[in-house]
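Remarks on the structure that follows.
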Amino acid sequence: MPPDNHPAVDEATLGINNCDREPVHIPGRIQSFGALMSVTEDWMINHASGNLCRMLGLSAKNVIGCPIRDVLTEQTIDAIQSRLRLVASDDMVDRLFAIQTARDGPVCDIAMHRSGRNLVLEFEHSANGEEADLGGYVRPMIARMSQCTTMAQLCQMAARQVKMLTGMDRVMVYQFSANGSGKVIAEVKEPGMEAYLGLAYPASDIPQQVRKLFIRNPLRVIADVGDTGVEIAPTLNPEGAPLDLSLSSTRAVSPIHLEYLRNMGVGASMSISIVVRGELWGLIACHHRTPKVHSYAVRSAAELFGLLFSYTLDQLQSDIERQDMIRSQMLHDQIMVQLAGDTSVANNFATIVSTIQDVIPHDGAVGWIDGTYQSTGETPGKEAFLELMPFLNTTAAGKVYATQCLSDHFSDALAYVNKAAGMLVLPVSRAPRDFIVLFRREIAKSVVWAGKPVKNLVQGKFGPRLTPRKSFEAWQETVRNHCAEWTPAQIRSAEALRVTLMEVVLRMADANLQERAKAQEKQELLIAELNHRVRNILNLIKGVVSQSGAGHNDVSSFTKVIGGRIHALAMAHDQITREKWQPASLRALIETEAAAYLNDRMDRLTITGPDVMLVPNAHTTMALVVHEMMTNSVKYGALTADHGKVAINLAQTSDDGLGLTWVETGGPAVSAPERRGFGTTIIERSIPFELKGEADLRFTLTGVEASFVLPANTVDSFVTDEDDVVAPASPEQTPLSAPPDRVLIVEDNIIIGLDAETLLQRIGVEETIIVPGVAEALEALTQADFDFAVLDINLGAETSFPVADKLLEEEVQFVFASGYGKVPDMAEKYADIPILTKPYDEAELRKAIAKDSN
């Protein structure tokens, strides 16, 4: 299981504490199933393995310092040179199959990679003399993987597929934990072999530098545990450095690891890295009881499978996280319904905790809110909790904190491990510190190790050293003072719940705080609640822009179409956010859209049936559909004629969904368009795709007709008494007497900075300079005079306040920009500085500049 990756060094180098410092990438030897040759930038051979004669009929001693053209055929050199661009970086490996390396020499497979300024070539006798069909190997393996729906199924299928590909006796999927230890989570083996499934291995089995190599070189092969290896000559180059073999497929094996494998009864092994988002997630570990050399084609296919499996695993984990987010949203909605009135978290503590129990199981809970203690279930008790409070106050204010072993961090907790061995802390305010704390009692769990998780310390001739474990029988360790694990899904749910509870607390506190504090908290609340929804809207707008380009040959028409669609989304979003992301009126949406075209001729639009309150995502979808229907009617349909009319009927379906019919009359004769544009696609596909409803668009001779059906889960309620709807007014342009000549933009996001630059240029600014941070901004102020500045408040790990102070000192006018609006700790000296809330437009920027100029 644990990898080799140890250099062949003497006993003096193998002290107790040096496992993480061994130079594993420069062993000075290779395994004998292949041969190695290294060439300089001008194609002179500077390193060669001692077995070149056996592999290629060449003498390592005689080829050192010779041009490679004196050793390999022109065809071989041409093939290598044609692939050099594929190994341009230090972490790229390319392979050539079935190459005639020398006249009358053997047919070889060749691996090539960069090692510093050297090009390393590794040769192996070709298994079949044919080009490897990697896709033919891997395609059916991945097809079977796609059928898996759980992590356990996926990993077990991966082990089975790799065993079929490699023919190894045992294949395991080995996952690392946060502390570096690992566990076998899937296994396929030959009958009669000892099972390793479920066994754990300590972090010390795989040193840190080895883990880094597994990321750089995702396939590690040990063909024969009894192989003593072949030396590379010379050992050191003229500069005194050994050849770096980090990416070598034949890199030699440490005697320590060979002993380790022999203790396990292993004759050959192969490890395939599982790398997810740049991190080593685990390994696919293969063992064979006898020596085994796989062809380059099989090993290349195994490496490709490992890469694709990593992507598949990442996708499945993302799917699971999305499901967790859905459950968290359901928990949020459920609690918000329970606290819809003028009640507080403190008054509903028992109800909230009961709801949380379904998502985050626990044995007891404590609420500390506004200095009041409440509890339910098994807890340490009030006195013990108050003693725990100073420790709680040291945890991050805006983040969930979880521990399985509270006594590791707070020794007094040993007194009540039977009630509260671990805890999960949800901070529900920042000042004062309020918490809901979930407790779990002790569960004495057993960790089953593959042998004792401590390597033997023996006395050698050079002092004490570590040796591999001699036994791999299961060794069980009982862990005390721990509770059941707080899973990543539960912590994500707790984080979402923290935002929900903070929303409730802030809402209840609004009535008692000063007006300024109220505004700050509401903005923080809005950011926390709407952040992920705004991201979806921005992605939607990006799609609208990219999909609307077809059929428009000039900027004006393209801008008009884009503007109309985005304006429709904006109106829908305004209706939703005015009610804090609550259901909004469909009738109001239709009338607001129609008012933009009909002005005082609203009598040409008839809406019958009850109004319907749509949930937010359905309301946003319908905004685009209604916009496209109305726009088409104005451009091509009934509303092009003076007497044309549109009749819309809203009706409740038998399953409590919504039925909407659209009928145009009195307009010109219409016919189906020859080309389906993006607008028609929105009408016909948005509702079925996003809402799982139905859409039917018909081009009849008398006018366009359409029928839409929305399922019940998109409808909040039907309303019979409609309120008057007033369309939102368009923002007025603020005149500027004279725009600034030179403006400094301090913004750590280049896209946002470029957008601000475009807006300023539209206003009339002649020159803008964009910088990402405080140091660059202060430097720019020493290099040039500026008339104005736009400062993003939050710049990653710093704020722009030092720049603001410099601008105040030099009496340069400026405005702040922030996705959070006014932040709570804004100094009094900034009280009169305008703040632009992202994303802002030209009108808002113009208004802020005008205000700051007065």
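Be aware that the sequence shown starts at 1, since it is given in the working numbering, and climbs by one per residue. Ideal placement from N, C-alpha and C gives every residue a C-beta, glycine not left out.
Continuous alpha helix (DSSP H) assignments of at least 4 residues falling wholly in the region 239-325: Taken in chain order, the complete alpha helix (DSSP H) segments of 4 residues or longer contained in the region 239-325 are 255-263.
Opening and closing residue of the beta strand (DSSP E) in which Arg440 lies: Phe435 to Arg440 is the extent of the beta strand (DSSP E) around Arg440.
Alpha carbon to alpha carbon, how far is Arg859 from Thr799? Residue 859 is absent from the model: the chain starts at 1 and stops at 854.
Counting along the chain, where does the beta strand (DSSP E) carrying Ile45 start and finish? Residues Ile45 to Ser49.
Identify whether Cys66 lies in helix, strand or coil by the three-state DSSP scheme. It is coil, neither helix nor strand.
With DSSP collapsed to three states, give me the class of Pro834. DSSP places Pro834 in coil when its eight states are reduced to three.
Below 9 Å between beta carbons: does that hold for Glu378 and Phe439? Yes, the pair counts as a contact, with Cβ atoms nearer than the cut-off.
Cβ separation of Gly105 and Gly57, assumed to be a contact under 8 Å, to the nearest whole Å: About 6 Å; that satisfies the 8 Å criterion.
Length of the line joining the Cα atoms of Glu694 and Ala494: One alpha carbon belongs to Glu694, the other to Ala494, and they sit about 37 Å apart.
Residue range of the alpha helix (DSSP H) that Thr166 falls in? According to the DSSP assignment, Thr166 belongs to the alpha helix (DSSP H) that extends over Met151 to Thr166.
In three-state terms, what does DSSP make of Val544? For Val544, the pLDDT reaches just 47, beneath the cut-off of 50, and the residue's location in the model is therefore unreliable, although a value from the coordinates is still provided. When secondary structure is reduced to three states using DSSP, Val544 falls in the helix class.
Are the region 261-273 and the region 42-55 in contact at 8 Å, needing three or more beta carbon pairs? Counting Cβ pairs under 8 Å, fewer than three are found: no touch.
Going by DSSP, what residue range makes up the alpha helix (DSSP H) through Ile763? Start and end: Ile750 to Ile763.
Secondary structure at Gln374, three-state DSSP: helix, strand or coil? DSSP places Gln374 in strand when its eight states are reduced to three.
Here's the rule: buried if 16 or more other CB atoms are within 10 angstroms of the residue's CB, otherwise exposed. What is Met502? Result: buried.
Taking 9 Å as the cut-off, decide whether the C-beta atoms of Thr149 and Leu316 are in contact. Contact: yes.
Would you kindly report the start and end of the unbroken alpha helix (DSSP H) that includes Phe786? DSSP places Phe786 in no alpha helix (DSSP H); its state is neither H nor E.
Hey, Val138 and Leu304: beta-carbon distance below 9 Å or not? Cβ distance < 9 Å, so Val138 and Leu304 count as in contact.
C-alpha gap between Tyr416 and His482, whole angstroms: Those two C-alpha atoms are separated by around 12 Å.
Is it true that the region 394-408 meets the region 321-336, where meeting means three or more beta-carbon pairs spaced less than 8 Å apart? With the cut-off at 8 Å, the region 394-408 and the region 321-336 do not touch.
Beta carbon of Asn649 nearer than 9 Å to that of Leu639: Result no, Cβ atoms of Asn649 and Leu639 do not sit closer than 9 Å.
In whole angstroms, give me the CA-to-CA distance for Met157 and Ala178. Those two C-alpha atoms are separated by around 24 Å.
Start-to-end residues for the alpha helix (DSSP H) that takes in Val625: Start and end: Pro616 to Lys635.
Looking only at DSSP bridge pairs, what is Gln329 linked to? BP columns for Gln329 are empty, so no partner.
Bridge partners of Ala651, per DSSP? Looking at the DSSP output, Ala651 bridges to Gly659.
Taking only three categories from DSSP, how would you classify Lys518? Confidence at Lys518 is low in this model, with a pLDDT of 49, below 50, so the placement of that residue is unreliable and no value is reported for it.
With distance defined between alpha-carbon atoms, name the residue in Glu690, Met55 and Leu388 nearest to Ser411. Closest by alpha carbon: Leu388.
Along the alpha helix (DSSP H) that carries Val359, what are the first and last residues, could you check? First-last for Val359: undefined, no H or E at that position.
Whole angstroms is fine: what's the gap from Ala789's alpha carbon to Phe814's? Their backbone Cα atoms lie some 4 Å apart in a straight line.
Is it buried or exposed, Asp785, if we count other Cβ atoms within 10 angstroms and call 16 or more buried? Asp785 is exposed by the Cβ-count criterion.
Between the region 702-711 and the region 756-763, do at least 3 Cβ pairs fall closer than 8 Å? The region 702-711, when compared against the region 756-763, does not touch it at the 8 Å Cβ threshold.
Among residues of its own chain, excluding the 5 on either side of Ala413, which ones have a beta-carbon nearer than 6 Å to its beta-carbon? Take Ala413, set aside five residues on each side of it, and the residues of its chain with a beta-carbon closer than 6 Å to its own are Leu406 and Ser407, in chain order.
Beta-bridge pairing of His113 - partner residues as DSSP gives them: Under DSSP, His113 takes part in a beta bridge, and its partners are Val93 and Val120.
Looking only at its chain, what residues have a beta carbon closer than 7 Å to the beta carbon of Ala489, apart from the 5 residues adjacent to it on each side? Answer for Ala489: Asp324, listed in chain order.
Pick helix, strand or coil for Leu199, following the three-state DSSP scheme. Leu199: coil per DSSP, three-state reduction.
If I follow the unbroken alpha helix (DSSP H) through Met55, where does it start and stop? Judged by DSSP secondary structure, Met55 falls within the alpha helix (DSSP H) whose first and last residues are Leu52 to Leu56.
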